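Q: 1 is the number of the first residue of the sequence shown in the working numbering; add one for each residue after it.
Supplied in structure tokens, the structure appears directly below.
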Amino acid sequence: MAPGTGTAESSATTRIVLPTLAAGQFLMALDSSVMNVSIATVAEDLGTTVTGIQGAITAYTLVMAMFMILGGKVGALIGRKRAFMIGCLIYGCGSLTTALAPNLPVLLLGWSLLEGIGAALILPAIVALVASNFAAERRPAAYGLVAAAGAVAIAAGPLIGGVATTYFSWRWVFAGEVVMVLGILVLAGRIADAPIGERPRIDLVGAVLSSLGLGIFVYGVLRSDEWGWFQPKPDAPSWLGVSLVVWLMLAGLLLVWLFLRWEARRVERRREPLIDPAMLHNRQLTGGLTMFFFQYLVQMGVFFVVPLYLSVALGLSALTTGARILPLSLTLLAAAVLIPRFFPNVSPRRVVRLGVLALLAGAVVLMAALDADAGPEIVTLPLLLIGFGMGALASQLGSVTVSAVPEAQSAEVGGVQNAVTNLGASIGTALAGSLMIAALTASFLTSVDQNPAIPAEVKSQATVELQSGAPFLSDAQLKSALDEAGTSTEVAQAALDANTDARIDGLRAALAILAFTALLAMFFTSRIPKTQPRSTEP
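Next up, the structure:
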């Protein structure tokens, strides 16, 4: 345990340190989820397009992914507490810039760049600061609460965004973030930092290779909906007849491989690496990182599918949609906090397996319950199960990864861990989205083709126009589009019926891949240790 830990673990300090770090995690996760319900309003306010705002969200994700490993190393060099506070300052400046943004370029500067860089410093530092402020036996509960704060932010984001957009302005969300940052900085003085060792120069070549590799890979994943995973969509860029997404992902993986080879070479020459490749031979660490990847893949896929069902298929408002998702937060918090408290000696492997099974059960129950005539109440039980699964994983995985290496490497582990969760989140959203659209399109075209009330020329036109995928539309949106096109009543009704069934088929397909992913994760749980880590300090 780091010096100062004993002081940090006094009850008074613990009551301050843990909420401070949890607030930082909450803040980092809030942005994207809160803005998803406000995209159209923000675009109109800034005089830009919905595509432009979606590009800003993409850029924010990219900046975080690119600099996460470097951010972890910076924390190891200048001190985790200092990196955390500097990251908060940068993030706060970005939030203030975003709140005052008059146009898209300023929004990109504040939100995508400054907030992204701030998050890349903050998130790895949080992982290391939990390790330096809590003994090994207390870390599962601490990591569980911190991870739960991030997941709750994602779940509550639509509700917060809906309230702000409906009654105030989306700008108040970012103004509120500035206030939160100030509060975090005031309380951060009570956080105990680990001692800083030798301060070698940062490996610039490694930083460039890792940043480009992760950035290019994530960018390819984020473009999969628009360009197609393998076969290029109409007018999408391609090379040798294959979607550019494939080539970007391959290029990213190649750069990551070169990065690891470069780091191994530096270690052989006794030079300071950005991360020590030997860490990736640690069975416990790679097991924890793998489970983090699967957790965030399923988690972000669920947060993509469920709001679409509630807000588009059922036509619920942003406020009601957010309220319907909140049950997930209840079981998530309960599992993340109560499992370590009441079962401190429980096997991490057993809890992780139970969490994965809960994720699988939630996805399967929701998939079975989806029906064209179903109401919003069908999501409650699945979300309770999924929330429990996420909380169970959160209560163990942070402690598993950090306890796998010496405490001096906790900041580097934080950088790698958050890079992995970024990859999982990006792939989960893209995979669920692309499969949903593919299934929706196939179902819609099949229904149209089999309906004798629809003229042959309309069927042919629909096939041509939907080559790149049918949009996920509400009945009101489709009806408006059909009225503008002057479609006959009979054809319009047939299209509405086909769209209703196709939406459900698309959502089921997305949930099916998430359930399959959760099942696949079970094969990797054997790398999770059977016993809880214990402090070796006297």
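By construction, the Cβ of each residue, glycine as well, lies at the ideal position given by its N, Cα and C atoms.
Being a predicted model, the structure only gives us computed values, none of them experimental.
What does the alpha-carbon distance come out to for the pair E263 and A59?
A: Those two C-alpha atoms are separated by around 27 angstroms.
Q: By the DSSP assignment, the alpha helix (DSSP H) with S395 in it spans what residues?
A: 380-403
Q: At which residues does the alpha helix (DSSP H) containing M522 begin and terminate?
A: Here M522 belongs to no alpha helix (DSSP H), and DSSP marks it neither H nor E.
Q: I'd like to confirm the pairing. Which residues does DSSP put opposite W239 in its beta bridges?
A: V242
Q: Rounded to whole angstroms, how far is the Cβ of A122 from the Cβ of G24, which I believe are closer than 8 angstroms?
A: Rather than Ala, the amino acid found at residue 122 in this sequence is Ile. Confirmed, Cβ separation roughly 6 angstroms.
Q: Does F26 come out as helix, strand or coil in the three-state DSSP assignment?
A: Helix.
Q: Using a threshold of 9 angstroms, state whether the C-beta atoms of L62 and L222 are closer than that.
A: yes
Q: Roughly how many angstroms separate the alpha carbons of L445 and G161, rounded to a whole number?
A: 35 angstroms
Q: Using CA atoms only, rank isn't needed, just tell me which of R171, G176, I57 is closest to F26.
A: G176
Q: Rounded to the nearest angstrom, what separates D371 and R508 at their Cα positions?
A: 10 angstroms
Q: Using CA atoms only, rank isn't needed, just tell me which of N451, P529, A515 is closest to D497.
A: Put simply, of N451, P529, A515 the residue whose alpha carbon is nearest the alpha carbon of D497 is N451.
Q: Out of F294, A164, G110, state which residue places its alpha-carbon closest to the alpha-carbon of L520.
A: F294
Q: Contact between the region 292-311 and the region 105-121 is defined here as three or more beta-carbon pairs at a separation below 8 angstroms; is this criterion met?
A: no
Q: Quick one: what does DSSP say N499 is sitting in, helix, strand or coil?
A: Here N499 carries a helix assignment [DSSP, helix/strand/coil].
Q: Nearest-angstrom Cα distance between T320 and Y309?
A: 12 angstroms
Q: When you compare the CB of G161 with every CB in chain B, is at least one pair closer than 9 angstroms?
A: Given the protein chain composition of this structure (a single chain), no chain B is represented.
Q: One question on the structure: do G150 and I117 come within less than 9 angstroms of each other, judged by their Cβ atoms?
A: no
Q: Would the beta-carbon of A147 fall within 9 angstroms of that of G506?
A: no
Q: For the alpha helix (DSSP H) that contains W172, what are its first and last residues?
A: 171-187
Q: Is the Cβ-Cβ distance between A192 and K81 less than 9 angstroms?
A: Taking 9 angstroms as the Cβ cut-off, A192 and K81 qualify as a contacting pair.
Q: If you draw a straight line from the alpha carbon of V208 to that of Y219, how long is it in whole angstroms?
A: 16 angstroms
Q: Can you name the start and end residues of the alpha helix (DSSP H) that Q450 belongs to?
A: 410-450
Q: Would you mind stating whether A313 and R503 have Cβ atoms separated by less than 9 angstroms?
A: Yes. Within cutoff.
Q: Quick check on the burial criterion: 16 or more other C-beta atoms within 10 angstroms. Buried or exposed for P382?
A: buried
Q: How big is the Cα-Cα spacing for E226 and W239?
A: 16 angstroms
Q: State the Cα-Cα distance for the pair S447 and V305, rounded to the nearest angstrom.
A: 22 angstroms
Q: Taking 9 angstroms as the cut-off, decide whether the C-beta atoms of A120 and M66 are in contact.
A: For A120 and M66, yes; Cβs fall inside 9 angstroms.
Q: Tell me, to the nearest whole angstrom, how far the beta carbon of P327 is from that of G387; I am working on the premise that it is less than 8 angstroms.
A: Contact flag correct, Cβ pair sits at about 7 angstroms.
Q: Return the CA-CA distance between M68 and E490, expressed in angstroms with no decimal places.
A: 54 angstroms
Q: Thinking C-alpha only, which one of I427, G322, G315, D276 is nearest V405?
A: D276
Q: Name the two residues that bound the continuous alpha helix (DSSP H) containing F84.
A: 80-99
Q: Output the distance between the C-alpha atoms of A236 and F342, rounded to the nearest integer angstrom.
A: 54 angstroms
Q: Using the rule of at least 16 other Cβ atoms within 10 Å of the residue's Cβ for burial, across every protein chain shown, is Y167 buried or exposed?
A: Exposed: under 16 other Cβ atoms inside 10 Å.
Q: For G315, which three-state DSSP category applies?
A: In the displayed model, G315 falls within coil according to three-state DSSP, outside both helix and strand.
Q: Please return the same chain residues whose Cβ sits closer than 6 angstroms to the Cβ of G355, not counting the five positions on each side in sequence.
A: G389, A392, L393
Q: Return helix, strand or coil for N133, following the three-state DSSP convention.
A: helix
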